[in-house]
Each structure stands twice: as C-alpha cells, then as structure tokens.
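J.: What follows is a single structure, and I will ask about it in a moment.
Number of protein chains: 2
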Amino acid sequence: MKYGTIACNERSGVFLLMNTRTVFFLSDQTGVTAETLGHSLLTQFDSQGFRQLTLPFIDSDDKAQQAVSKINSAATEDGVPPIVFSTLVQDDFRAEVRAANCLHLDIFDVFLQPLEKELQQKSSHEAGRAHGMSDIEGYMKRIEATNFALANDDGGIARNYEMAEIILIGVSRSGKTPTCLYLALQYGVYAANYPLTDDEFDSGSLPDILLEQKSKLVGLTIAPTRLQQIRKERRALGQYSTAQQVRYELREAGKIFKKYSVPHIDTTELSIEEISSRILNTTGVERRVRP
Amino acid sequence: MKYGTIACNERSGVFLLMNTRTVFFLSDQTGVTAETLGHSLLTQFDSQGFRQLTLPFIDSDDKAQQAVSKINSAATEDGVPPIVFSTLVQDDFRAEVRAANCLHLDIFDVFLQPLEKELQQKSSHEAGRAHGMSDIEGYMKRIEATNFALANDDGGIARNYEMAEIILIGVSRSGKTPTCLYLALQYGVYAANYPLTDDEFDSGSLPDILLEQKSKLVGLTIAPTRLQQIRKERRALGQYSTAQQVRYELREAGKIFKKYSVPHIDTTELSIEEISSRILNTTGVERRVRP
C-alpha cells in the first residue's frame with residue numbers, strides 16, 4: 001500500500017491507517033463531464049484519502065489499454081479497487097475498461113438507453129461531441145463574451161454598457177471580476193463590472209452611465225471580516241484592508257443598493273458557480289451557451 | 001403546441017413540423033453538474049428542437065412543486081414529456097419530481113448506491129456540497145489563479161513567470177487569454193501568457209525572461225484562415241488581419257517553437273476545454289481544484 005492517510009476516528013479517538021482510494025476520470029475527450037459528475041458525487045462522501053486522476057483523450061485501443069493498466073496498478077497499490085467515472089462513448093473501449101479491477105460508473109451506459117427510447121432516435125455513439133467544436137458559434141460567443149468582460153472589467157476603458165447583459169457593481173474584492181469571467185466562459189453571457197469607490201460614496205450616487213442601464217445592475221456584497229481577509233492577502237498594509245475602511249465601504253455600497261433598489265447578492269458563503277447561477281436566476285438572462 | 005420547428009427530412013425532402021422537446025436541468029444548487037451531464041448526453045442526439053431550461057436552487061418543498069408544475073406545463077405545451085436531468089440530493093424532492101410527466105434522469109439515484117456499497121459508507125444526502133464553499137481553500141486558489149492570469153496576461157506588467165505553472169506563447173488571437181482564464185477558474189492552475197510579436201520574429205529568439213522558465217512553455221498555433229477570420233472580427237481593416245501578415249506571423253512562431261523544442265498545440269478545431277485539457281496532459285501539471 002503506497003498511499004496512506006493517518007486519520008482520527010472522531011468517536012473513538014483511535015488513529016487509523018486509512019487506505020487511499022484512487023479515483024479515475026476517463027474520457028475520449030476533455031474529461032470535464034466525468035470530472036464534474038464524479039466530483040459532485042464524491043462530495044456526498046467523506047473525502048479523505050481520494051487521489052484523483054484524469055485520463056482524457058482515450059481515443060484509441062492503445063490508450064484504452066494503458067488506462068486499464070493504470071487502473072489495475074492503482075488497485076494493487078491501494079489495496080482497494082479504484083472508482084472510475086467514465087464518459088467513453090465507443091462500445092469497445094467501454095468494454096475494456098469495464099473488465100478492469102474497479103468500480104466502473106459510466107454515464108453513457110446508464111442514460112443513453114432511456115434517452116434513445118424516449119427520443120425514438122439512436123444516439124450517434126461518436127466520440128467527442130461534448131465540449132468540442134461541433135458548436136463553433138457557441139465557441140465564438142464565449143470568446144467574444146470573455147473579451148467583453150476583460151475590456152469592461154473594473155470600469156475599464158471600454159464601458160460598452162449598452163452591450164452588456166449584466167453589470168455587476170460592488171466594492172473592491174467583492175467577487176466581480178471572477179464572476180464576470182465565469183459568466184462569459186461558461187455561458188457566453190456579456191457581463192461588465194464597475195467598482196464602487198469614493199466617487200460614489202462621496203456623492204451617494206451612481207454615475208449616469210450606469211443609471212442609463214439600471215435594469216442590468218446587480219450588486220455584490222460580502223461580510224466585512226471576509227472582505228478584510230481577502231484584501232489582506234492582496235495588500236497587507238495600509239488603509240485598504242483595515243476593519244474600519246472595509247466596514248465604511250460596505251455600508252456606503254449598501255446605501256447605494258437601497259437608494260436605487262439594485263438587487264444584490266451576499267457572496268460571503270458562495271462559490272463562483274453559485275454567485276453566477278444566482279445572478280442568472282435573479283436577472284433572467286439566458287444562458288447563451290452551456291458547459 | 002407552442003414551440004415548433006420546421007425541419008426538412010434529408011432523405012425524403014419533405015418538410016415536417018418537429019415537436020420542440022423541453023429539457024430541464026434541476027438542482028438544489030447551481031445546476032452546473034446537471035447541465036454538464038445533460039449537455040454531454042444530448043450532443044449524442046440530433047439537437048434540433050431542444051429548449052433548455054435550468055432550475056437551480058430547488059431547496060424547499062415550494063420550489064420543488066413549482067418545478068413540477070413547470071415540467072407538467074411544458075409536457076402539455078410540447079405535446080411530449082420533457083427530459084429532466086436532476087441532481088437533487090434530498091429524497092423527498094426527488095420523489096416529487098419523479099412523479100411529474102417527464103423522463104427523469106437522476107445521477108444520484110443511479111450512482112450513489114453502488115458508491116455507498118463500494119466505499120462502505122452512507123452518503124450524506126446533504127444538498128449543495130458540490131460547487132459550494134465547502135472547499136474554501138479551493139475557492140481562494142481559483143481566485144488567486146484568476147488574478148494571476150489577469151496580471152500576467154499578454155506579457156502584462158507583472159511577469160511573475162517564476163510563479164507560473166504554465167506559460168502560453170503564440171501570436172495574437174491564437175487562444176492564449178481565454179485558455180489561461182479557463183485553467184485558473186476551472187482548475188486553479190497558474191497560467192501566464194506572452195504574445196509573440198515583431199520583437200521575437202525579428203530576432204528569431206525568445207527573451208531571457210521566458211528562456212529561464214523554458215520547461216513551462218507551451219505554444220499555441222492555429223490555421224491561417226481561421227486566425228484571419230478571428231482577427232477580422234476584432235479589427236476588420238489594416239495589416240493585422242491580412243492573409244499575408246497572418247501567414248508570416250504563424251510561420252515565424254513555428255520556427256521559434258522548433259528552435260527551442262517548445263511543445264505546441266493547434267487550436268483551430270479545439271474548444272477552450274479541449275485546449276486546456278491537452279495542455280494539462282502535455283505538461284503533467286496537476287489540476288489543483290476540480291469543477
């Protein structure tokens with residue numbers, strides 16, 4: 001047993017040597033679907049001791065056999081069979097992996113048959129149509145939306161707010177930039193962002209350039225202690241990350257959200273996916289492309 | 001029937017009125033897993049006529065019942081039962097949806113039981129552990145990696161190449177920026193990028209600042225016609241998007257990749273996911289966080 005973790009049993013207080021379990025994500029393409037599916041399922045279990053490996057682009061018999069030997073080696077090393085999340089489309093590669101020493105969880109095995117029956121259509125069984133360039137238009141939209149987010153980041157020079165579908169406002173480090181980029185890359189949505197600073201706090205007002213697009217505004221807020229922590233990692237010293245400054249900015253931003261009835265989201269306990277999904281849900285903006 | 005598509009049968013040449021089929025992605029959280037899984041499966045079928053709706057954050061009985069009425073309404077409007085990809089974790093909500101008029105495909109129904117058996121552990125059945133803030137460390141890494149990508153974009157001012165795990169080089173619009181951002185947001189990987197321009201083409205060399213980190217370099221290349229098309233959308237006029245210029249730059253970039261034996265990837269037919277996955281595969285850089 002090569003990989004092991006010392007873990008303490010909470011009830012008994014006894015230390016145990018836990019086996020590491022290897023988890024494989026197998027795909028004839030990028031592996032994104034297998035990773036996303038597998039990760040979702042594994043979060044339902046105590047995650048100690050999972051070693052995760054992605055084997056993408058299994059598109060030949062050689063590569064399928066290499067994957068099988070990696071799975072079998074891990075089984076021997078760990079002393080327990082690996083868990084394999086697979087999205088291999090081709091029947092012969094699937095059959096090879098199924099014969100390996102592992103728990104084989106295959107989304108195509110399980111879901112294609114009921115879908116074929118319901119749609120009264122045979123599935124193509126062609127590799128690599130997900131996350132691929134089959135949808136070239138979708139690809140261009142994501143790239144364009146990403147360029148838009150970069151040009152319109154942090155009240156940047158472009159300010160094409162009439163083209164934006166969503167405009168995020170909030171204080172520095174409240175989560176605006178990563179959210180805009182995620183909305184662009186994942187969904188092809190045009191999102192700009194504008195930082196609230198002393199200009200807005202002193203006047204208590206938003207600039208006309210934003211008010212002209214008021215329906216697109218979404219505010220981001222965050223707990224003061226969390227914001228202070230994030231700002232300290234960026235710039236440890238100076239006014240920027242003091243408790244006083246952070247509280248002042250968040251209070252003033254809150255007044256502005258209230259004055260203009262801007263819907264706002266507290267990002268303190270949320271991941272980028274959650275913030276993005278809530279914004280789309282709040283605004284009703286359509287996901288132009290899908291992961 | 002509210003939504004319909006006129007489609008031409010390729011063999012018979014006869015025009016048919018195709019039913020639109022509504023596809024729902026249901027989740028007690030963001031819906032990302034349901035969307036990713038569902039999208040992967042649907043690409044195996046002729047995609048005409050799918051209307052896709054995401055219903056995230058179904059975390060109460062009220063919301064589950066609202067989802068059920070939306071599903072049943074769509075069934076009536078379309079004249080065919082919707083397809084529902086669901087990642088609801090709580091048993092009672094799952095049971096409600098299962099009773100709706102739809103083809104219900106549930107990843108938890110199918111995969112949790114074999115996983116519980118293999119891991120000899122009961123799953124938590126708690127909503128919202130995937131894509132959530134359970135992994136706050138992972139969240140911070142993604143944010144930091146995104147900030148790094150932004151600061152080190154296009155040979156930007158930061159140039160912290162010693163901190164980078166991957167440095168992409170290539171001509172303007174070969175896909176460097178979206179790929180770096182995707183690697184950061186999806187996997188928490190530190191990726192910088194440096195544009196190849198006349199400085200490099202005239203000298204035929206890479207600057208020392210890159211050569212010091214040679215093992216991290218990955219080149220991106222692209223077909224001339226495709227690059228010209230992409231550049232024209234950005235700047236229609238001028239030297240930048242002429243066939244001659246595009247061919248010259250790609251040829252010179254190719255010489256540099258060869259001179260320094262830099263591994264390179266042709267992005268012409270690849271999506272952002274595919275480029276990213278190939279880069280991780282080529283370099284062996286570990287996925288620090290997972291979708």
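Heads up: the protein sequence lines correspond to chains U and B, in order.
Numbering-wise, this note's numbering puts 261 at position 261 of the first sequence, and it's gapless, one number per residue.
Numbering-wise, this note's numbering puts 235 at position 235 of the second sequence, and it's gapless, one number per residue.
Ideal Cβ positions, reconstructed from N, Cα and C, are used throughout, including at glycine.
(1) Which residues in chain U sit within 7 Å of B/P114, going by Cβ to Cβ distance?
(2) Thinking C-alpha only, which one of B/A100, B/E274, B/Q90, B/C102 is nearest B/L112?
(3) Looking at the strands, I want to know which residues DSSP matches up with U/Y240.
(4) Which residues does DSSP pair with B/N193 in a beta bridge?
(5) Identify, in the order they occur along the chain, each residue of the same chain with its Cβ nearer than 7 Å to the Cβ of B/L37, setting aside the five sequence neighbours on each side.
(6) Do you know offhand how far U/G156's Cα is from U/Y248's?
(7) When the distance is taken between beta carbons, is U/A100 closer than 9 Å to U/R288?
(8) Ordered along the chain, which non-local residues of its own chain (more than five positions away) have a Cβ less than 8 Å from that of U/V218?
(9) Quick one: Cα of B/L41 to Cα of U/S124, how far?
(10) Apply the 10 Å Cβ neighbour rule to U/Y194 and answer buried if 16 or more other Cβ atoms are within range, or exposed otherwise.
(11) Anyone know if the C-beta pair for B/L150 and U/T177 falls short of 9 Å?
(12) Which of the three DSSP states, helix, strand or coil, is assigned to U/H292?
(13) Please go through the same chain and pick out, in chain order, the residues whose beta-carbon is closer than 8 Å to the beta-carbon of B/M68, but skip the five residues on each side of it.
(14) Say whether chain B places a C-beta atom closer than 9 Å to the C-beta of U/M163.
(15) Within the same chain, show all residues whose beta-carbon is closer than 6 Å to that of B/G31, passing over the 5 residues directly before and after it, in chain order.
(16) Measure the alpha-carbon distance for B/D28 versus U/Q186 and round it to whole angstroms.
(17) So which of U/E35, U/P114, U/E200 has the shortest CA-CA distance to U/L88?
(18) Under a CB-based cut-off of 9 Å, is B/Q121 close to chain U?
(19) Cβ atoms of B/R234 and B/R173: under 9 Å apart, would you say?
(20) Within 10 Å of its beta-carbon, does B/P114 have 16 or more other beta-carbons around it, so buried, or fewer, so exposed?
(21) Per DSSP, which residues does U/T221 bridge with? Please list them.
(22) So that I know if they touch, is there some Cβ in chain B lying closer than 9 Å to that of U/G31?
(23) Could you check if U/I58 belongs to the surroundings of the ligand SAM, using beta carbon to heavy atom distance under 8 Å?
(24) Would you kindly work out how many angstroms separate the C-alpha atoms of U/T225 and U/T268, rounded to a whole number?
T.: In this structure, then:
(1) L103, L105
(2) B/Q90
(3) Paired residues: none, contrary to the question.
(4) B/L168
(5) F85, I107
(6) 24 Å
(7) no
(8) I166, I167, L168, I169, V262, P263, H264, I265, I279, T282, T283
(9) 10 Å
(10) buried
(11) yes
(12) With chain U covering only 1 through 291, there is no way to say anything about residue 292 of chain U.
(13) Checking the displayed sequence, the identity of residue 68 of chain B turns out to be Val instead of Met. So the list reads E96, V97, A99, A100, once near-sequence residues are dropped.
(14) no
(15) F25, T54, P56
(16) 19 Å
(17) U/E35
(18) yes
(19) yes
(20) exposed
(21) U/D266
(22) yes
(23) You won't find the ligand SAM in this model; it holds no ligand whatsoever.
(24) 9 Å
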